[in-house]
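A.B. asks:
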Amino acid sequence: MSDRLKELAAEKAVSYVRDGMVVGLGTGSTADFAIRALGERAEKEGLDIQCVPTSDASARLGESLGLDIQSLEDHPVIDLTIDGADEVDPQLDLVKGLGGALLREKIIAAASTREVIIVDPSKVVDRLGT
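Using this note's numbering, the first residue of the sequence shown is number 347, and each one after it goes up by one.
1. Under a Cβ-count criterion, where at least 16 other Cβ atoms within 10 Å of its own Cβ denotes burial, should Glu-389 be classed as buried or exposed?
2. Give me the Cα-Cα distance between Arg-450 and Thr-427, rounded to the nearest whole angstrom.
3. What whole-angstrom Cβ distance do Asp-429 and Glu-461 have, given they're in contact under 8 Å?
4. Check whether the region 364–375 and the region 468–475 are in contact - that is, three or more C-beta pairs closer than 8 Å.
5. For Gly-366, does the three-state DSSP call read helix, strand or coil?
6. Residues bridged to Ile-428 by DSSP?
7. Would Ile-424 and Ser-458 qualify as a contact pair, given that the criterion is a beta-carbon distance under 7 Å?
8. Which runs of the alpha helix (DSSP H) spanning at least 4 residues fall entirely within the region 369–410, listed in chain order?
9. State buried or exposed for Lys-352, treating a residue as buried only when at least 16 other CB atoms are found within 10 Å of its CB.
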């Protein structure tokens, strides 16, 4: 999928973020598009949001964009997490964590009331693990 399509998907995912939310920031190339879109939207609209990252890389990117980076200890309940996946099948089962942030991604996902997963067509498989 082209970067432009990833940007559009990320913008759609970020459209679910509302003022006052605690937002989980995923990890990986697709999640980075969402973090950038969230940074732009927060600045443009003056959103008051706190962000809990799933990796140090996501924390650094969020901080560089002016996002308020917090810890899970500070916010044990997350309103919405936006992340990517490595594979997804037709039943919407998915594989995550091939990039190495799996544990924190799972912890943040478990603390989240809602999760939006961004995938591109290259991630869609008939059977997971293929």
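Built from N, CA and C at the ideal position, the CB exists for glycine as well.
Just so we're clear, the structure is a prediction, and the values are computed from it rather than from any experiment.
C.D. replies: On the basis of the coordinates in this document:
1. Under this definition Glu-389 is an exposed residue.
2. 12 Å
3. 7 Å
4. no
5. coil
6. Leu-371 and Val-462
7. The Cβ atoms of Ile-424 and Ser-458 sit closer than 7 Å to each other.
8. 375–391 and 402–410
9. Taking all protein chains shown into account, Lys-352 has 16 or more neighbouring C-beta atoms within 10 Å of its C-beta and is therefore buried.
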